[in-house]
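Novice:
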Amino acid sequence: MVDSTKACESDWVNADLVKLAKIKKAVITGPGDYKEGKFGNRLQIPVQIDGKMKTYSPNRDSATNCKIAWGADTNGWVGKTIELELSSVNGKVIIIARPTNAVAHNMDSNELTQEEAEDLDPVERRSRMGA
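Mind the numbering: the sequence shown is residues 1 to 131 in the numbering used here, read in order.
1) Report yes or no: do the segment 60-71 and the segment 16-25 share at least 3 C-beta pairs separated by less than 8 Å?
2) Quick check on Lys92: does DSSP put it in helix, strand or coil?
3) Shortest alpha-carbon distance to Thr5 belongs to which of Lys52, Lys80, Asn41?
4) Short check: CB of Thr74 to CB of Asn101, under 9 Å?
5) Distance, Cα to Cα, Phe39 vs Ile94?
6) Can you check whether the CB of Val47 is closer than 9 Å to the CB of Val13?
7) Give me, in chain order, the residues of the same chain whose beta-carbon lies closer than 8 Å to that of Arg2; leave out the 5 immediate sequence neighbours on both sides.
8) Taking the alpha carbon of Ser87 as the point to measure from, which residue in Ser10, Asp16, Glu9 has its own alpha carbon closest?
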């Protein structure tokens, strides 16, 4: 017998995968690379989620979250864990990645640069800025 389960799954992290995942966390297993796809030149990062290797293409918000936590060089992201959550924007379901146990990069005494603060969602900004 040949199990067809793998043939029915995507090789990508997508909303269905996140929704069905037992643990909504993924471990970044490599630095990734930019590759041309149907949405242009996008960062593609290998991750492991629920014991399966997948490719994750973070949206701008997710990439910014990781950059603030671990720096711009994705080599520094390898081995780190991201928590994946589903959100709805204009009726479209998107995946937001939030670094777990992250210590913000370029932060001294909990200070954010203006650019980093502007990139945070309002709740996170208030939390980080002490307001």
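A virtual CB, placed ideally from N, CA and C, is assigned to each residue, including glycine. Quick caveat: nothing in here was measured; it's all calculated off a predicted structure.
Specialist: The structure says:
1) no
2) strand
3) Lys52
4) no
5) 15 Å
6) Taking 9 Å as the Cβ cut-off, Val13 and Val47 qualify as a contacting pair.
7) According to the sequence displayed, residue 2 carries Val and not Arg. Correct list: empty, nothing qualifies.
8) Asp16
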